[in-house]
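**Student:** In our numbering, the protein residues as written are 34 to 266. In this text, a Cβ means the ideal position worked out from N, Cα and C, and glycines have one as well.
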Amino acid sequence: MLDLPPNAEAARLLDRMGAMPADRDETLAVRPDPHKHPELWRHLERCHRDMISQMGSGLTGNGYRGFPAFPVDAGPVALHLYVWLYLAVLPRTLRYHAERGIERHRSWETLSGLGPMMAEHRSVHGVGGVGAFDQWCPPLRFRGTEYLPERSNIVRFQRRFVLKPPAPGDEDRADASMLEYVFGRPSRQGPVTESRLAELPQDTTLRRAYVTHLRSGRHWHARTGRIVYGVSF
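1) Can you tell me whether R137 is buried or exposed, with buried defined as 16 or more other CB within 10 angstroms of its CB?
2) Nearest CA to the CA of G217: which residue from K69, L114, G159, S228?
3) Flag this pair as yes or no: are the beta carbons of E59 and G161 separated by less than 8 Å?
4) Given 8 Å as the limit, is there contact between the stretch 127-141 and the stretch 63-72, that is, 3 or more CB pairs closer than that?
5) With DSSP collapsed to three states, give me the class of H70.
6) Assuming L118 and H81 make a contact with CB atoms under 8 Å, what is their CB distance in whole Å?
7) So, is M88 buried or exposed, given that buried needs 16 or more other C-beta atoms within 10 angstroms?
8) Skipping 5 residues on each side, what residues in its chain have a beta carbon closer than 6 Å to that of N40?
9) Measuring only the C-alpha atoms, how far is W169 from H246?
10) Which value, in whole angstroms, describes the spacing of the CA atoms of R155 and L114?
11) How many angstroms separate the CA atom of H252 from the CA atom of E42?
12) Spatial neighbours of V37 within its chain, please: C-beta separation below 8 Å, excluding the five flanking residues on both sides.
13) Just the Cα atoms here: how many angstroms apart are E78 and Q235?
14) Can you give the Cα-Cα distance for R49 and R125, rounded to whole angstroms?
15) Just the C-alpha distance for M267 and I85, rounded to the nearest angstrom, thanks.
16) Considering only the alpha carbon of each residue, which of D83, R57, L73 lies closest to A107?
17) Considering E59, what are the terminal residues of the alpha helix (DSSP H) in which it resides?
18) When the Cα atoms are used, what is the spatial distance from V105 to E153?
19) Could you check if T237 is buried or exposed, using at least 16 other CB atoms within 10 Å of its CB as the buried criterion?
20) Looking at V225 and A209, is the spacing between their C-beta atoms short of 8 Å?
21) Using a C-beta cutoff of 8 Å, does S228 count as contacting chain C?
22) Given this structure, state the Cα-to-Cα distance separating E213 from R240, to the nearest angstrom.
23) Assuming F103 and A165 are in contact, meaning their beta carbons sit under 8 Å apart, how far apart are those beta carbons, in whole angstroms?
24) Are the beta-carbon atoms of G51 and S145 separated by less than 8 Å?
25) Among R139, E227, R57, V244, which one has its Cα closest to the Cα of V268?
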């Protein structure tokens, strides 16, 4: 059963997950309601059921599809809907971690990614929430051993996952979504052109890798995987 935390508890959790005060306050102000927002509430219930039922079940042969993004003009309740989803599933997530010996501070290190995601959403789209981003669990990961040193956090983290084969019809290039992921810039329809690449900052190894890879004539692809427990990094 879907049970949203009271606003006072939600505020405390959002603070702990690194939300900026403006993002926290707007989330509380647009709390979804089954009577005022029936269609959004039904979507929230479906997503909640999916997350709870799939927790710990691993990925299917077709990988993980995630939850669809909302249009930027969908309104604040819709754009904050997934924030409330994560708040609703948080107690079950913490219990699941504890049952498997994951230390509480490790859990919060992972969960604290929500606040920065909300800040990035506001920076990229000019509005609060997270709903204009596709929601992935686990999120899109960068597999960049060709460009990044072995000691880099990204390479060390991705070694915890075994990639699933691409699902049928899921071989689409992810150049545009990687553009948004790496540079925080809204992706555009069509290919990423040379003129677009020339506009991009080259201030980190990851950003240079993105541009170098495309200029070599290759493309980025989105993949999913399953975590390998017991692997140190």
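**Tutor:** To lay it out plainly:
1) It counts as exposed.
2) Nearest option by C-alpha distance: G159.
3) Against a cut-off of 8 Å, the Cβ pair of G161 and E59 comes out as a contact.
4) Inter-segment contact for the stretch 127-141 and the stretch 63-72 is absent: fewer than three beta-carbon pairs are separated by less than 8 Å.
5) H70 falls in the coil class under three-state DSSP.
6) Going by Cβ atoms, the distance from L118 to H81 rounds to 6 Å, so yes, they are a contact pair.
7) M88 should be labelled exposed.
8) Here the set comprises L61.
9) Reliability fails at W169, whose pLDDT of 45 lies under 50, so the model's placement of it is uncertain and the value that follows must be treated cautiously. Taking the straight line from one Cα to the other gives about 24 Å.
10) Here the alpha carbons of L114 and R155 stand approximately 15 Å from one another.
11) If you draw a straight line from the Cα of H252 to the Cα of E42, it comes to about 44 Å.
12) The question names Val, but residue 37 in the sequence shown is Leu. Around L37, the same chain offers A43, R64, P65, W117, L120, A121 as residues with beta carbons nearer than 8 Å, after the five sequence neighbours per side are excluded.
13) Each residue's alpha carbon lies about 42 Å from the other.
14) Straight-line Cα distance between these residues: approximately 17 Å.
15) This structure cannot settle anything about residue 267, because the visible part of the chain is limited to 34 through 266.
16) The option with the nearest alpha carbon to A107 is L73.
17) Per DSSP, E59 belongs to the alpha helix (DSSP H) from 54-62.
18) When only Cα atoms are considered, V105 and E153 end up about 14 Å apart.
19) Its Cβ having fewer than 16 others within 10 Å, T237 is exposed.
20) A Cβ-Cβ contact shorter than 8 Å links A209 with V225.
21) This model lacks chain C altogether, as it is built from one protein chain only.
22) A straight line joining the alpha-carbon of E213 with that of R240 spans about 11 Å.
23) The distance from the Cβ of F103 to that of A165 is about 6 Å, consistent with a contact at the 8 Å cut-off.
24) Less than 8 Å divides the Cβ of G51 from the Cβ of S145.
25) Absent from the structure is residue 268, since the part of the chain shown begins at 34 and ends at 266.
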